Amino acid sequence: MDQDIIEELGDYKIIKVLGRGSFGTVYEAERKDNRSIYAIKAENMHAHPDQSMLKNEYTVYNEMKGLDGIIDVYYLGVSNDIYYLVMDKLGNSLEQIYEERNRNFSLKTICMIGKRMIDIIKGIHEKGRIYRDIKPENFLLSLDKKNIYLVDLGMTKRYVDLYSGKHIKLEINKKLTGTARYASINTHNGLEQSRRDDLESILYVLIYFSVGSLPWMGIHASTGKEKYQLIGKKKNEISPETLCKGIRGSKYFIKCLKYIRSIEFEEKPDYDRINFYFDSLMTSKNLENDGIYDWLVGYTEYETLNMYEDKKDVEICNIQGENNRNKKKKKGFWKKLKSFISECGSSNHSS
Numbered sequence: 001m002d003q004d005i006i007e008e009l010g011d012y013k014i015i016k017v018l019g020r021g022s023f024g025t026v027y028e029a030e031r032k033d034n035r036s037i038y039a040i041k042a043e044n045m046h047a048h049p050d051q052s053m054l055k056n057e058y059t060v061y062n063e064m065k066g067l068d069g070i071i072d073v074y075y076l077g078v079s080n081d082i083y084y085l086v087m088d089k090l091g092n093s094l095e096q097i098y099e100e101r102n103r104n105f106s107l108k109t110i111c112m113i114g115k116r117m118i119d120i121i122k123g124i125h126e127k128g129r130i131y132r133d134i135k136p137e138n139f140l141l142s143l144d145k146k147n148i149y150l151v152d153l154g155m156t157k158r159y160v161d162l163y164s165g166k167h168i169k170l171e172i173n174k175k176l177t178g179t180a181r182y183a184s185i186n187t188h189n190g191l192e193q194s195r196r197d198d199l200e201s202i203l204y205v206l207i208y209f210s211v212g213s214l215p216w217m218g219i220h221a222s223t224g225k226e227k228y229q230l231i232g233k234k235k236n237e238i239s240p241e242t243l244c245k246g247i248r249g250s251k252y253f254i255k256c257l258k259y260i261r262s263i264e265f266e267e268k269p270d271y272d273r274i275n276f277y278f279d280s281l282m283t284s285k286n287l288e289n290d291g292i293y294d295w296l297v298g299y300t301e302y303e304t305l306n307m308y309e310d311k312k313d314v315e316i317c318n319i320q321g322e323n324n325r326n327k328k329k330k331k332g333f334w335k336k337l338k339s340f341i342s343e344c345g346s347s348n349h350s351s
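If you want it as structure tokens, here you go:
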């Protein structure tokens with residue numbers, strides 16, 4: 001059955017397609033009895049006969065229930081050979097917002113996004129799972145655009161045994177899982193993923209938002225496997241200093257990336273340390289972590305000034321702006337004076 005022409009699933013009327021992924025289609029839907037709006041993720045039962053990705057994702061969402069940054073799911077059903085998962089409807093992804101804003105986020109917003117991502121992924125790690133597919137498309141805004149959520153939990157994996165509490169063992173020659181653009185170096189090198197790899201992927205996303213691209217974007221190859229190898233080779237060759245060149249406050253990004261890459265396979269990351277780098281960067285640029293993202297206010301004079309390379313540039317801009325305002329004031333004074341003299345002259349002539 002073609003999922004794109006579904007009209008209803010159980011108690012829900014399909015309104016439109018919101019997105020498509022490798023494991024299914026996401027719809028906007030309306031509950032028939034009360035007309036409440038939800039998002040529904042659908043998967044053909046025969047697509048993965050051995051194990052339903054949607055069933056697995058439903059299990060993970062229930063494990064993560066109550067975590068900040070993870071949406072609520074309400075029901076897993078079956079209709080006409082289709083599994084469907086009912087969940088809260090969210091807004092656009094960070095990738096969509098980035099495109100809408102001409103691929104330009106302020107430093108303040110990038111830092112706040114980074115801190116939010118770290119906090120969400122920390123919560124998932126504390127539940128014993130790693131995410132394994134960090135990318136801007138998987139972080140969605142709430143409908144009021146004030147909060148950021150992480151979706152698509154189907155590719156998560158337990159790194160801690162549920163019963164013994166022991167960390168999984170390091171394995172080699174693993175196939176790449178996730179999105180090559182943001183995958184960690186260790187993932188490219190065929191190593192089993194752990195908590196450190198999610199964090200490295202977050203840094204790549206933030207660098208992408210800061211610069212607009214990554215050095216390995218645009219690599220072409222005859223096969224997907226060869227492309228992944230070339231991307232991995234580029235990541236291994238490029239230094240953190242070169243990767244972060246041109247980023248405002250690059251030294252904090254460099255320190256953060258170097259720390260994350262130094263984390264051992266089973267080691268618990270110091271999430272507070274990573275957040276401290278972003279806090280320090282914001283403090284150094286007189287930026288406030290107030291939760292007001294670019295997309296909530298549009299481009300303001302304040303935000304434009306914050307895009308300058310350092311405070312000195314801002315001060316110069318402020319001085320130039322003040323000089324221009326003073327010039328306008330002087331021009332306005334002489335214009336009014338000339339008008340007053342002219343009026344006086346006219347009055348004298350008429351009398």
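Using full-length UniProt numbering, the letters of the sequence shown map in sequence onto residues 1 to 351.
For glycine and all other residues, C-beta sits at the position ideal for the given N, C-alpha and C.
Values in this document were obtained by computation on a predicted structure and should not be read as measured data.
Residue j beta carbon less than 7 Å from that of residue i
i	j	result
K32	K13	yes
E95	E137	yes
D72	D88	yes
W216	K234	yes
I274	C256	yes
Q193	I130	yes
Y38	A29	yes
K174	W295	no
I134	Y182	yes
K41	G19	no
L9	Y84	yes
Y252	T109	no
K122	Y271	yes
M53	G154	yes
R195	P269	yes
L143	G91	yes
I202	G190	no
V151	G128	no
L76	Y98	no
I265	L162	According to the sequence as given, residue 265 is Phe; it is not Ile. Cβ distance not < 7 Å, so F265 and L162 don't count as in contact.
Nearest candidate by alpha-carbon position, reference residue i, set the options
i	options	result
Y74	I260, D11, G291 and Y98	D11
I70	Y163, I148, Y27 and D133	I148
Y167	L76, N189 and E126	Reading off the sequence shown, one finds His at residue 167, where the question assumed Tyr. Considering only alpha carbons, the answer is E126.
N286	H188, G24 and C111	C111
T283	G249, K157, I121 and D161	G249
D119	E57, D198 and E171	D198
D81	I6, I263 and N92	I6
L141	I124, D161, T156 and I113	I113
R103	V205, E267 and Q229	V205
S36	P49, V86, F278 and V297	V86
G218	R101, A180 and F278	A180
H188	P49, F139, S164 and R132	R132
L297	Q229, R101, T223 and S222	Here residue 297 is Val; the residue named in the question, Leu, does not match the sequence. Taking only the C-alpha atoms, the option nearest V297 is R101.
I124	E267, G224, T156 and T223	T156
Y27	N34, G21 and I15	I15
Close Cβ partners of residue i (< 7 Å) along its chain, the five nearest in sequence each way excluded
i	result
I254	P240, E241 and C244
G246	V211
S280	Y252
K330	Residue confidence for K330 is low, a pLDDT of 44 falling below 50, so the modelled location carries little weight and cannot support an answer.
S79	L9 and G10
F105	Y98, F209 and D294
N326	Note that N326 scores a pLDDT of 45, beneath 50, so its modelled location is shaky; the value from the coordinates is reported in the next line. Answer for N326: no residue qualifies.
Residues bridged to residue i [DSSP beta-bridge criterion]
i	result
R158	R129
H167	V160
F139	L150
M117	Per DSSP, none; premise fails for M117.
L76	L85
S93	L140
E8	K13
Cut-off 6 Å between Cβ atoms - residues of its own chain near residue i, not counting five sequence neighbours on either side
i	result
R116	I148
Y259	none
G321	Bear in mind that a pLDDT of 37 at G321, under 50, signals an unreliable position, so the model cannot answer this.
F278	C111, G114 and K115
I263	R196 and P269
Sequence-distant residues of its chain with Cβ nearer than 8 Å to residue i (five each side left out)
i	result
I185	E200, G232, K235, N236 and R261
H220	K227
T300	Annotation note: pLDDT 45 at T300 (below 50); position unreliable, coordinate value reported separately. Counting only Cβ-Cβ distances below 8 Å, and skipping sequence neighbours, we find nothing.
E288	K108 and M282
L230	W216, I219 and A221
Closer than 7 Å to chain D by CB, residue i
i	result
T156	In the structure shown, chain D does not exist; there is a single protein chain.
Alpha helix (DSSP H) runs contained entirely in the region 10–67, provided each spans 4 or more residues: 53–63
Every unbroken beta strand (DSSP E) within the region 227–258, with a cutoff of 3 residues, ordered by chain: none
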